[in-house]
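Residue numbers (the working numbering), protein chains in the order written: chain W, 1 to 313; chain Y, 1001 to 1415; chain B, 2001 to 2408.
Ideal placement from N, C-alpha and C gives every residue a C-beta, glycine not left out.
Here the structure is laid out as structure tokens; the discussion comes afterwards.
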């Protein structure tokens, strides 16, 4: 029982981390239709900025300042690169952000070297929150989860309860109309892009300390974030949250499971045959954990293309 | 006779490469085909430093045939395709020896390319010195006469770490094998199970996980805890090792790690106190034979700007062996006859600060002593500007570290 | 455009004579260039003509590569077919896998289509290391080119001609395909799928078919690659192979017929040369991608064709002089930027930083001069050249604009 409880908790926290990174991407994707390949790079920038600032300002100020810096980078990217490419179509926007992700990764390598840097959880946060059947649960994990939840609530309230939120949401669906009503839509886009980048930066600043801060961290998370956004549904914040949790928890449960397809076949008396065939049939679930998100994405795209909570295509 | 051979060699080159490159009276060319760009470049650059360092020593001592040896550098861009391409380029630019270290996948491609090239160009062979590819099959099913491995393999790493930890009384009774799901990880796992049988300890569980894809290792930590393991033996490297150790420490588990690649630069810096008390088996530790080692450490630092660590000492020792072998080879008119060098390498023997090093003729695996070491604050040389470093626990002599030749190696010797 | 056939003939002649013109190392690069040109052309059919942006084309390239390797190893190494015909196996397996994958992915359009192709490719890539019998695990599957038809296929020349023939024939077939009714329908699919459906065409079947044909040519390219290196490894399924072909095609110009081929060849050549020259070649590659997408949205070839089709009306001499002025100023700016990046990279490199002791910063050799990193000179030099080049470009652009205004 404790096992499953732990698996669920771990999955939830990992899911919340995925949400932190993909929240901004969902906003951007929903509004501009751009799959921003550089989004995970903002996550990486957040971690490296916080690492650089930490000795000067201390941990707390660093994780506040780093996202602001990332927001600045995001705004510059939107203003001087994406806006320029917008007229050429979505494919070009997407590819330009891909080029950017390469540039950012190479710059990081140039400045910080190719190995992981020693960005760590500060000692005052490095303690066990509670202990369950012999395993300590690090407080920092709960802290990360808490930040993600606060972020979700804040974005939700901002989008649904404020005037700004109404303008943003309507700019997603009817940009011309909003413009005609006298709102500065390009400004709204720039703001959303900047905030999206800042959210990823915050995620990086917080998670980089717990996991590792290295030049490949964007690569590792990049595709997974896309999966979350697509599974959740175009621009749906709730969908992104649901998809993040779904992927986090299935991943965590799969890792703990030794289930094999051959085991099902054993019930119908074909276990021996399956063992002989080998290959996919005898592969343990735990070793396939990383493929599950793609499988989920494929299922969602074929069965319900608008995603878990997205509007109809 | 000599001229004939030269003419034949040149003609063959011209035929093969479409562009005749004059081979006579040129200095010996050694090609380093490494990963110098992209995500895995960090290790490739270390091999480059180590090779340059030892080659400068060889050249100071007179080079080969009275001329300094020339090093050609090629970027294999991290993959087998790039490597195949660059091996060809290296040979067409006149390289007689190919060096490569990072990634067993690339090593597999290079060794096959060299084997095929030699099949097609008998009498004009090239030789591949594998500085770092540790997969078992390179000296198993894929072994051939012109491949020489100067790094330990999975069997050596696992057996020495378990022997060393057992003798130090820290291995415990319950072993957990946690590895990456590819040939290297599987090799480590198989050898762990075998060694556990030999030492009379129990392997409580084995797990293979995806390579470099996992951010959150806590579910795996939970399995370690559920299995009530004393020691985790892992071949993991880079992020997969760091994240695993961090997650374990975060969960407050009291297990020791026996690893192969804990000394990768950045690891100790990133893990900090988390790494303390974990173990590593590798080919070098500066506190063994401290006087000579210190000379080597300082000399290396003067040349490259940093102390040798991770793959560097192993690569330097490999290059020392190559240099020793080159001493006993007579230059021919077309430079170097790789067949002569292969014979010389089989007979070469050098003393490194860690002890004797030589190549075993049956499968061309290097035989050398291994040092089992622990991360501790007491280390003389600290890693990554932290307060931690590696202290030797046990030196396992070359003949004890040696593991049996694999049955799958059917090496065809010339003649 | 009337010179096009002549230009084509000259190009083919040069390609045939290439082994006698360039060094072995360059010929090697040429083989890679041909392969990525063909791969990009296959992608161009799908993306440029039919308007479907695939993010998983490495899958079909990889399927072709592995099929070819296994065919080479069939019958105890004798090979399923004579060596020159082996790419057929790659093509056939690409076609079959393309039919399957295309059936699912062409059910959706736009971003959703792209994500399905990405998911399929990632699934295959994630599964491949586990299926050791098919994909050979980390070390891959190795093979050996057997002599056939009196040709040894041992030398690089033989491999080059094999690749050349297959690439030229495939590109020729792709050209003919674009002229068939089916090829024209592909354009319709891109421009207005709804209308096509109203006209009574089965757009799903059409999309699947075009997807499969594209996958077939990708499979041929994959087969050529595995024959070239006599091995296949599951890293050919990696996502960066998929993204590389997308970027190469767009850099060349995905909507003009030979655009993807030229993009693929040029970028492969760039990678080949620059990776041995500088350690940060990926950075340059990234910058080039960004710049091309921003300023040459039609791609290099696309932009050229556009200029030739719609001449500026200023006369040939003027156009050429403007072009040269632009190129020269861009070259100055590029040199400044390269200088800055290389200098910065050297200052920041760990070897250099290790050599810095207590305020003593040694000079750095770059472009055969020694520069002191703490002085203003190198930075001013790089920045100055860059700024000067950009200023020149702006000046040229302004003059052109002024002339246009005067004309209007």
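query = What residues from chain Y crowd round residue 2138 of chain B, counting only those whose CB sits closer than 8 Å?
reply = As a first step, residue 2138 of chain B is located in the third chain; it is residue number 138 there, counting from the start. In chain order, 1104, 1105, 1108, 1135, 1182, 1183, 1184 make up the part of chain Y whose C-beta sits under 8 Å from the C-beta of residue 2138 of chain B.
query = For residue 2143 of chain B, does the count of other Cβ atoms within 10 angstroms reach 16, so buried, or fall short, so exposed?
reply = Within the third chain, residue 2143 of chain B is the residue found at index 143, counting from 1. The residue is buried, with at least 16 neighbouring Cβ atoms inside 10 Å.
query = For residue 1023 of chain Y, is the classification buried or exposed, using 16 other Cβ atoms within 10 angstroms of its Cβ as the cut-off for buried?
reply = Translated into the one-based positions of the second chain, residue 1023 of chain Y becomes position 23. Low confidence applies to residue 1023 of chain Y: its pLDDT is 40, below 50, so where it sits in the model is not reliable, and the reading given next is rough at best. Its Cβ being crowded by 16 or more others within 10 Å, residue 1023 of chain Y is buried.
query = Relative to the ligand SAM, is the shortest distance from any of its heavy atoms to the C-beta of residue 1248 of chain Y smaller than 7 Å?
reply = As for the ligand SAM, it is missing from this structure, which has no ligand bound.
message = For a cutoff of 8 Å on Cβ pairs, would you count residue 2122 of chain B as touching chain W?
response = Looking up residue 2122 of chain B in the third chain gives position 122. Output row for residue 2122 of chain B: interface = yes.
query = In three-state terms, what does DSSP make of residue 1356 of chain Y?
reply = Position 356 of the second chain holds residue 1356 of chain Y. For residue 1356 of chain Y, the secondary structure class from DSSP, reduced to helix, strand or coil, is strand.
inquiry  = Counting beta carbon pairs with one atom in the region 1127 to 1141 of chain Y and one in the region 1184 to 1195 of chain Y, are three or more of them shorter than 8 Å?
reply    = These segments touch.
ask   = Ends of the alpha helix (DSSP H) at residue 1075 of chain Y?
value = Numbered from its first residue, the second chain carries residue 1075 of chain Y at position 75. First-last for residue 1075 of chain Y: 1070 to 1075, but that is the beta strand (DSSP E), not the alpha helix (DSSP H).
task = Could you tell me whether any Cβ in chain Y is nearer than 8 Å to the Cβ of residue 316 of chain W?
result = What is shown of chain W runs 1 to 313, which leaves residue 316 of chain W out entirely.
Neighbourhood of residue 78 of chain W by C-beta distance below 8 Å, restricted to the same chain and skipping five residues each side = What you label residue 78 of chain W is simply residue 78 of the first chain in a count that begins at 1. Annotation for residue 78 of chain W: 189, 190, 193, 194 place their beta carbon closer than 8 Å to its own, counting only its chain and skipping 5 residues before and after.
query = Do you know how far the Cα of residue 160 of chain W is from the Cα of residue 166 of chain W?
reply = Taking the first residue of the first chain as position 1, residue 166 of chain W is located at position 166. Taking the first residue of the first chain as position 1, residue 160 of chain W is located at position 160. Take the alpha-carbon of residue 166 of chain W and the one of residue 160 of chain W: they are about 7 Å apart.
message = Mapping the DSSP letters down to three states, classify residue 1017 of chain Y as helix, strand or coil.
response = Residue 1017 of chain Y sits at position 17 when you count from the first residue of the second chain. Residue placement at residue 1017 of chain Y is poorly supported in this model, since its pLDDT is 44, which falls under 50; the coordinates are not used for a value here.
key: residue 1241 of chain Y: contacting residues in chain W (beta-carbon distance under 9 Å)   = Position 241 of the second chain, counting from 1, holds the residue named residue 1241 of chain Y. Simply none; closest approach about 10 Å.
DSSP bridge partner residues for residue 1209 of chain Y (one or two, in chain order) = Sequence index remark: in the second chain, residue 1209 of chain Y carries index 209 (1-based). Beta-bridge pairing links residue 1209 of chain Y to Y:1180.
ask   = Is it the case that the Cβ atoms of residue 2300 of chain B and residue 2253 of chain B are separated by a distance below 8 Å?
value = Position 300 of the third chain, counted from the first residue, corresponds to residue 2300 of chain B. Position 253 of the third chain, counted from the first residue, corresponds to residue 2253 of chain B. Residue 2253 of chain B sits close to residue 2300 of chain B, with the two beta carbons spaced by under 8 Å.
query = Leaving out five residues before and five after residue 129 of chain W in sequence, what residues of the same chain have Cβ atoms less than 6 Å from its Cβ?
reply = The residue given as residue 129 of chain W occupies position 129 in the first chain. Its chain contains 137, 139, 142 as the residues whose beta carbon lies nearer than 6 Å to that of residue 129 of chain W, once the 5 sequence neighbours on both sides are disregarded; these appear in chain order.
ask   = What number of angstroms, rounded off, separates the C-alpha of residue 1305 of chain Y from the C-alpha of residue 1046 of chain Y?
value = One-based indexing of the second chain puts residue 1305 of chain Y at position 305. One-based indexing of the second chain puts residue 1046 of chain Y at position 46. Distance between the alpha carbons of residue 1305 of chain Y and residue 1046 of chain Y is about 12 Å.
key: Reduced DSSP secondary structure (H/G/I, E/B, other) of residue 1376 of chain Y   = Here residue 1376 of chain Y corresponds to residue number 376 of the second chain, with the count starting at 1. Under the three-state reduction of DSSP, residue 1376 of chain Y is assigned to strand.
query = Residues in its own chain within less than 7 Å of residue 1331 of chain Y by CB, not counting five upstream and five downstream?
reply = The residue given as residue 1331 of chain Y occupies position 331 in the second chain. So the list reads 1064, 1065, once near-sequence residues are dropped.
query = Taking Cβ positions only, does residue 2250 of chain B come closer than 8 Å to chain W?
reply = As a first step, residue 2250 of chain B must be located in the third chain, where it is residue number 250. It does; some Cβ of chain W falls within 8 Å.
task = Please report how far the alpha carbon of residue 1215 of chain Y lies from the alpha carbon of residue 1240 of chain Y, in whole angstroms.
result = Stepping through the second chain from its first residue, residue 1215 of chain Y is reached at position 215. Stepping through the second chain from its first residue, residue 1240 of chain Y is reached at position 240. When only Cα atoms are considered, residue 1215 of chain Y and residue 1240 of chain Y end up about 8 Å apart.
Integer Cβ distance of residue 2162 of chain B from residue 2082 of chain B, believed to fall under 8 Å = Translated into the one-based positions of the third chain, residue 2162 of chain B becomes position 162. Translated into the one-based positions of the third chain, residue 2082 of chain B becomes position 82. Actually they do not touch by this definition, with Cβ atoms about 11 Å apart.
message = Can you pull the chain B neighbours of residue 81 of chain W, defined as C-beta to C-beta under 8 Å?
response = In the first chain, residue 81 of chain W corresponds to position 81, counting from 1. What residue 81 of chain W touches in chain B: 2290, 2294.
ask   = Counting along the chain, where does the alpha helix (DSSP H) carrying residue 2250 of chain B start and finish?
value = On the third chain, position 250 is the one that residue 2250 of chain B refers to. Here the alpha helix (DSSP H) through residue 2250 of chain B covers 2239 to 2252.
ask   = What residue range is occupied by the uninterrupted beta strand (DSSP E) comprising residue 1273 of chain Y?
value = On the second chain, residue 1273 of chain Y is found 273 positions in, with the first residue counted as 1. Looking at the DSSP string, residue 1273 of chain Y is not in any beta strand (DSSP E), and its letter there is neither H nor E.
message = To the nearest angstrom, how far is the alpha carbon of residue 1019 of chain Y from that of residue 2023 of chain B?
response = Taking the second chain and counting its residues from 1, the one referred to as residue 1019 of chain Y is at position 19. Taking the third chain and counting its residues from 1, the one referred to as residue 2023 of chain B is at position 23. With a pLDDT of 38 at residue 1019 of chain Y, under the threshold of 50, the modelled position of this residue cannot be trusted, and the question is left open.
ask   = Hey, is the region 1101 to 1115 of chain Y in contact with the region 2052 to 2059 of chain B, meaning 3+ C-beta pairs nearer than 8 Å?
value = A contact between stretches requires three or more CB pairs, one per stretch, nearer than 8 Å, and the region 1101 to 1115 of chain Y fails this requirement with the region 2052 to 2059 of chain B.
task = In the DSSP assignment, find the unbroken beta strand (DSSP E) run with residue 2053 of chain B in it and report its ends.
result = For the purposes of this step, residue 2053 of chain B is identified with residue 53 of the third chain, where counting begins at 1. Unbroken run through residue 2053 of chain B: none, as it is neither H nor E.
request  = Pick helix, strand or coil for residue 1128 of chain Y, following the three-state DSSP scheme.
outcome  = For this step, residue 1128 of chain Y is matched to residue 128 along the second chain. Looking at residue 1128 of chain Y - three-state DSSP - the assignment turns out to be strand.
request  = Could you say if the region 1400 to 1413 of chain Y and the region 2114 to 2130 of chain B meet the contact criterion of at least three C-beta pairs nearer than 8 Å?
outcome  = No, the region 1400 to 1413 of chain Y is not in contact with the region 2114 to 2130 of chain B.
ask   = To which residues of the same chain is residue 1049 of chain Y closer than 6 Å at the C-beta, ignoring the five residues directly before and after it?
value = Taking the second chain and counting its residues from 1, one reaches residue 1049 of chain Y at position 49. Excluding sequence neighbours, residue 1049 of chain Y sits near 1304.
task = Sort out for me which residues DSSP pairs residue 2231 of chain B with in a bridge.
result = Position 231 of the third chain, counted from the first residue, corresponds to residue 2231 of chain B. Looking at the DSSP output, residue 2231 of chain B bridges to B:2142.
task = For residue 2108 of chain B, go through chain W and note every residue whose CB falls closer than 7 Å to its CB, in chain order.
result = Here residue 2108 of chain B refers to the residue found at position 108 of the third chain. Those are 301, 305, listed as they occur along chain W.
ask   = Taking 8 Å as the CB-CB limit, is residue 243 of chain W close to chain B?
value = Walking along the first chain from the start, residue 243 of chain W turns up at place 243. It does not; no Cβ of chain B falls within 8 Å.
message = Whole angstroms are fine: how far does the CA of residue 1389 of chain Y sit from the CA of residue 1421 of chain Y?
response = Because chain Y is modelled from 1001 through 1415, residue 1421 of chain Y falls outside the range shown and cannot be assessed.
query = Under a Cβ-count criterion, where at least 16 other Cβ atoms within 10 Å of its own Cβ denotes burial, should residue 1086 of chain Y be classed as buried or exposed?
reply = The residue labelled residue 1086 of chain Y in the question sits at position 86 within the second chain. Buried.
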